[in-house]
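Asks: There's a structure below that I have some questions on.
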Amino acid sequence: SAAQSIIYICAYLLCVRAAFGSADNPRVVLNLGSVEGLEQTTVLGRTHYSFKGIPYAAPPIGNLRFKAPQPPANWSDVLLAYKDAPACLQPFREVPFPITYNEDCLYLNVFTPYLQPKNGKGMPVIVWFHGGKFYQGSSATEKYGVDFLLMKDVVVVLMNYRLGIFGYLNMNLAGAQGNAALKDAVMALKWVQTEISKFGGDPSLVTIVGDSSGSDMVSMLYYSPMSKGLFSRAVSQSGSSLSDTAFLPSTANLGLKMAEALDCPIDSPQSAVSCLREVDGVTLAEKQKIFKGVKGAENPFLPTIEQDLGEEVFSPDYPIKMMETTGDVPYLMGFTDGEGLMFLKDPETNPDQFEKIQEDFIPYLPVYMLENEQPEV
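Reading the sequence shown from the start, the letters are residues -18 to -1, 1 to 359 in mature numbering (1 follows the signal peptide of the UniProt record, and there is no 0).
Right, here's the structure in full:
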């Protein structure tokens, strides 16, 4: 019938639009291919443009697991940058918004009020690093809305980076020498330097900002020789690389412990890493729960000191030592309201414990401030 034909035609056109985008949507030509975003409106009524799920590195899967990020491949079709990329693999947890997880997760989002420099000048850029104790979290728009920031003329970049064992396994081997997640961050900042002007941003006015473990990352980027020249300002909110919960000398023993728990050979670091690369990603992410320790800290895989194994080194020494060669980039440090309160949940459900804390708070303070005690292995 005519009515059915109209329905079929409309459905077909909707599919075509979903597959090939719309001529009305904003497009940007990048070095590796074109991206198409969406024109949106903030809660305060300001128009802006969003581009979500842009790859800044190759998928860190298969033989690339645990390795430093590699450049992404180019693409020929227009990339429809309409929605958030999956979060990086992490132990499953309930969150108040829908989210998917995938080991192929090295993507970023860009939000801008203008696609061309305003008055001939590029806008300042904010690059945000999410928190999550180095083993959870993502740049999901549902969690990190940008409406408030876009009240001003500023370009905002949110990104995903590897978490837990995927981002911080250090076996003192080439290809598994640690800090892969921090090198993800460096790769993303290099992308910003190359591409952000095409979104109206000024690559010479990049401010890196993070909260919690994202704040720790900002601190490490500030001190690392690998990230010099990639930003002009830094802001840390409730976190520092000088914290005991943010850095370890090595995670090699922890990697062997994981390999053993997954029935991998542990006769040598090489055989353990080879086997860990073959383990299903979700299985590997969930197995990290064997390290669950004080206050539910499930991740002992943290930033570490790297040996010089012929690859570029992010962290050649302890952060306090790296401070000695820090440049003159302005750096603002502070804290967020309520940071760490989630770790006080046990006293709320344990009356005896709560009573002891009320009677004499000071001796218990270090215990409940300890976010990530390392298990013995």
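All residues carry an ideal CB built from backbone N, CA and C; glycine is no exception.
Measuring alpha carbon to alpha carbon, tell me which residue in Asn161, Ile302, Thr123 is nearest Phe283.
Replies: Among Asn161, Ile302, Thr123, the Cα nearest to that of Phe283 belongs to Asn161.
Asks: Would you kindly check if the distance between the Cβ of Gly102 and the Cβ of Ser179 is under 8 Å?
Replies: Note that the C-beta distance between Ser179 and Gly102 is not below 8 Å.
Asks: Going by the CB atoms, is the gap between Lys115 and Ser195 shorter than 8 Å?
Replies: yes
Asks: If you reduce the DSSP assignment to three classes, tell me which class Thr307 lands in.
Replies: Helix.
Asks: Taking 8 Å as the threshold (C-beta atoms), are Thr189 and Phe213 in contact?
Replies: Against a cut-off of 8 Å, the Cβ pair of Thr189 and Phe213 comes out as a contact.
Asks: Go ahead and label Glu341 buried or exposed: buried means 16 or more other beta carbons lie within 10 angstroms of its beta carbon, across all protein chains shown.
Replies: With fewer than 16 other Cβ atoms inside 10 Å of its own Cβ, Glu341 counts as exposed.
Asks: Measuring CB to CB, does Arg9 end up less than 8 Å from Val60?
Replies: yes
Asks: Are the Cβ atoms of Asp184 and Val107 separated by less than 8 Å?
Replies: Yes, the pair counts as a contact, with Cβ atoms nearer than the cut-off.
Asks: Am I right that Arg47 and Arg259 are in contact with their C-beta atoms under 8 Å? What's the rounded C-beta distance?
Replies: Right, the Cβ-Cβ distance comes to about 5 Å (below 8 Å), so this counts as a contact.
Asks: Exposed or buried, which one is Pro312 when buried takes at least 16 other CB atoms within 10 Å?
Replies: exposed
Asks: Cα separation between Gly237 and Leu151?
Replies: Straight through space, the alpha carbons of Leu151 and Gly237 are spaced by roughly 7 Å.
Asks: With three or more beta-carbon pairs closer than 8 Å as the criterion, would you say the region 126 to 144 touches the region 216 to 236?
Replies: no
Asks: Taking the beta carbon of Asn354 as the centre, do at least 16 other beta carbons fall within 10 Å, making it buried, or is it exposed?
Replies: With a pLDDT of only 41 at Asn354, under 50, the local geometry of the prediction cannot be trusted, and the value read off the model is given with reservation. Buried is the call here.
Asks: Which residue spans inside the region 37 to 101 form an unbroken beta strand (DSSP E) run of at least 3?
Replies: 89 to 94
Asks: Apply the 10 Å Cβ neighbour rule to Leu164 and answer buried if 16 or more other Cβ atoms are within range, or exposed otherwise.
Replies: buried
Asks: Which of the three DSSP states, helix, strand or coil, is assigned to Pro247?
Replies: coil
Asks: Between which two residues does the beta strand (DSSP E) carrying Ile108 extend?
Replies: 105 to 111
Asks: Where Ala279 and Leu97 are concerned, what is the direct C-alpha to C-alpha distance, given to the nearest angstrom?
Replies: Because the pLDDT at Ala279 is just 45, under 50, the model does not fix this residue reliably, and the point stays unresolved.
Asks: Quick one, are the C-beta atoms of Glu306 and Ser297 less than 8 Å apart?
Replies: no
Asks: Please classify Ile147: does DSSP put it in a helix, a strand, or coil?
Replies: helix
Asks: Quick one: Cα of Phe229 to Cα of Val174, how far?
Replies: Annotation: Phe229 to Val174 spans about 26 Å, alpha carbon to alpha carbon.
Asks: Helix, strand or coil: which one does DSSP assign to Tyr31?
Replies: strand
Asks: Please look up how many angstroms separate the CB atoms of Ser121 and Ile81, rounded, as I've assumed it's under 8 Å.
Replies: The C-beta distance from Ser121 to Ile81 rounds to 11 Å, too long to meet the 8 Å contact threshold.
Asks: Could you name the residues that DSSP lists as bridge partners for Glu18?
Replies: DSSP lists Arg9, Leu62 as partners of Glu18.
Asks: I'd like the list of long-range same chain contacts for Pro68, defined as Cβ closer than 6 Å, with 5 residues on each side in sequence excluded.
Replies: Excluding residues within five positions, the ones whose Cβ falls inside 6 Å are Thr82, Tyr83, Asn84, Cys87.
Asks: Quick one: grab the DSSP three-state call for Gln159.
Replies: In the structure shown, Gln159 sits in a strand (DSSP, three-state: E or B).
Asks: Might you give, ordered along the chain, the residues of its own chain that have their beta carbon closer than 7 Å to the beta carbon of Leu26, omitting 5 neighbours on each side?
Replies: Asp129, Met133
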